[in-house]
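Working notes for the structure below.
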DNA sequence: AAAGTCCATGTAATCGATTACAATTAAAAG
DNA sequence: CTTTTAATTGTAATCGATTACATGGACTTT
């Protein structure tokens, strides 16, 4: 309720001195400092960020753009972003776009309106033209998703190599008929993971069979179910499946069970992302783990550095193959 | 980049007039309005929320306190809150407390610092004393969780009745030995659900067997696994289990499968919350559905009304029993 | 003792908007 | 043709902080 004026009056000093105490400015005598601190306590004073932010022209808010919070893939990344943000005295504003351009616009405007100091985009469906425009004037970082040959700094993993490792793991187990459940190849990561899948097959001299590659619309459970249904209808049934997301893999698992087959005895299964539910399924799911927490921390650090005017380099983080029951015959 | 002064100068009017145009104030002649609008376009002007917020002493930000975003239970509620918030020109700040008092304090201070206009708490472990203190000065709403006999307005469901319906569903299927996997009874909802469980049993003349009631520390998958393990070691094995959260139920399911038993043939299973994964399990999970989206919308509406100085009444929403494979013999 | 330093504090401008009130002008009324 | 009244627009205070610069006093230095 009280403002800095009232504190100054009560302490018998000027507002400048109160401000100096608040900001731990060295040039205040211990005696005066004490008087001010007492007045602050007495009045139950809390500095208003509204005044401070206007004067400093900053909001200390970071925007995080993502398609949907209910997608568990993002949870850990958000955690990482938040941890780093808080320890740097920033806060994050989570922006669910639902891949809806109107929503996106609302949030882009928040940056222009000074309600946020920078933006981390994790939305694969983001309007890249607008994001690039924004980048000309404001700090922007892409996390996980990025534009090939673009100018906006990003942090991500090597999707091609990760898919390669997933498929190589299956090959080493003796599988020759390995299917791929991929998402729409309009997404860069989907193209990259397909390339990795093909490289692994080629390296071991297996042909690439287009009927073994299925593209889904989205990354939902039901897409996985549908994809697996198609794959099970093939004359030559795959003995292993690599799905580019855990949610798809869990859908595939459901369909395999429904058709009376068993994982991993009849079909081995590998997912991607190591979402928390991937070890709650039966059997637990072999998957590729991205260092999600670290990716979040890194993205936040990059953005904050960028806000401070530093030059930012792209960063590629390491992935890991998590071997669990769905590939352990 | 440009500010309201520059727009005023360019348009040849005063800043007051520009502000009137921005706020759609009626007392501006069409001719002047046009001049101003042209200047705004020419300069690419965007009003600064920092200035506006200071003047209006509001931040148009709502705080949402929750233990963890990765808990899918909260996803839909958050969605509801966000939808309502946005359509009222508010934004939400998601605050993960991890039930950590330090984190909580950071966020409580944001209210005092005017960085947020109000708070919705969904954290069962929230420090009620501090929340009550806050409520004396600032708008606060509790969502889903609340304090029995407390003064802070809340929106929730009838947990006792919901548990009663869950257990009654099992009784109707012919089960007599029904176990309860409950969470820590320091939580009000846990006590209420236990009461509902007992009322259903008593109504049908079944005794209440304490060995059939297991309390978990938290609501995690691993807690469900552990609980089920204990229940399976009993001399008289339950033929049905009601778990007070889907995550617990999914853990129980995993353990039942691991022990070679089948759901629902050997043991029927009911969860609570209808999280999205509850119909991705095998078998799909019978569960109690809370109207989560609606609960979120309601909480946000209550908070915004409260910010506008209105008097707020508590609201109890309806639940629903979702019957799926895990109870369909 | 005069001049120069340094330290602590105060004065007042500033950030970018909103808005009560004053001032101007034009239209309506007599 | 004056006087009212209404419709626009401008002036300046205000929200609550930060900070460059000015000021005054104590302490050195010569």
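Chains as they are written, first to last, in my numbering: chain A, 1 to 329; chain B, 1 to 329. Backbone N, C-alpha and C fix where the C-beta goes; we use that ideal spot for every residue, glycine too.
Below the 7 Å Cβ cutoff, chain B contributes 113 as neighbours of residue 47(A), in chain order. The C-beta of residue 258(A) comes closer than 9 Å to at least one C-beta of chain B.
The DSSP-derived three-state label of residue 45(A) is coil. Nearest CB-CB separation between residue 221(B) and chain A: below the 9 Å threshold. For residue 251(A), at least one C-beta of chain B is nearer than 9 Å to its own C-beta. Take residue 124(B), set aside five residues on each side of it, and the residues of its chain with a beta-carbon closer than 6 Å to its own are 145, 187, in chain order.
The criterion of a C-beta distance shorter than 9 Å is satisfied by residue 120(B) and residue 142(B).
Within the same chain, and ignoring the five residues on either side of residue 240(A) in sequence, the residues whose Cβ sits closer than 8 Å to its Cβ are 170, 173, 175, 177, 178, 179, 267, 268, 269, 270, 327.
Within the DSSP secondary-structure output, residue 154(A) pairs in a beta bridge with 142(A).
According to DSSP, residue 287(B) shares a beta bridge with 271(B), 322(B). Under the three-state reduction of DSSP, residue 126(B) is assigned to coil, being neither helix nor strand. Fewer than three beta-carbon pairs drawn from the segment 20-40 of chain A and the segment 23-39 of chain B are found closer than 8 Å, and the two stretches are therefore not classed as touching. Secondary structure of residue 173(A) (DSSP, three-state): coil. In this structure, residue 111(A) and residue 138(A) form a Cβ contact; the two beta carbons are roughly 5 Å apart against a cut-off of 8 Å. If you draw a straight line from the Cα of residue 10(B) to the Cα of residue 34(B), it is about 12 Å long. With fewer than 16 other beta carbons inside 10 angstroms of its own, residue 311(B) counts as exposed. For a cut-off of 8 Å, the C-beta gap from residue 288(A) to residue 190(A) is around 14 Å, too long to register as a contact. One thing to note: residue 248(B) has its Cβ within 9 Å of the Cβ of residue 183(B). Straight-line spacing of the CA atoms in residue 281(B) and residue 260(A) works out to 15 Å.
In its chain, beyond the 5 residues on either side, 96 have a beta carbon closer than 6 Å to the beta carbon of residue 69(A). Here the C-alpha atom of residue 61(A) lies approximately 46 Å from the C-alpha atom of residue 230(A). Ranked by Cα distance from residue 272(A), the first of 224(A), 238(A), 257(A) is 224(A). DSSP places residue 215(A) in the uninterrupted beta strand (DSSP E) bounded by 213-215. In this chain, residue 200(B) is not harboured by any beta strand (DSSP E); it is covered by the alpha helix (DSSP H) spanning 188-203. Here the alpha carbons of residue 276(B) and residue 243(B) stand approximately 16 Å from one another. Within a 10 Å sphere around the beta-carbon of residue 129(A) sit fewer than 16 other beta-carbons, which makes this residue exposed.
Sorting 56(B), 52(B), 49(B), 18(B) by C-alpha distance to the C-alpha of residue 38(B) places 18(B) at the top. In this structure, DSSP gives residue 96(A) an extended state, which the three-state scheme calls strand. For residue 69(B), the residues of chain A that pass the 7 Å Cβ criterion are 69, 75, 78, in the order they occur in the chain. Residue 243(B) is bridged by DSSP to 181(B). Here the alpha carbons of residue 8(A) and residue 42(A) stand approximately 12 Å from one another. CA-CA distance, residue 78(B) to residue 301(B), rounds to 13 Å. For residue 281(B), the nearest beta carbon of chain A is closer than 9 Å to its own beta carbon.
According to the DSSP secondary-structure assignment, residue 63(A) is paired through a beta bridge with 93(A), 119(A).
At a cut-off of 9 Å between C-beta atoms, residue 100(B) does not count as an interface residue with respect to chain A.
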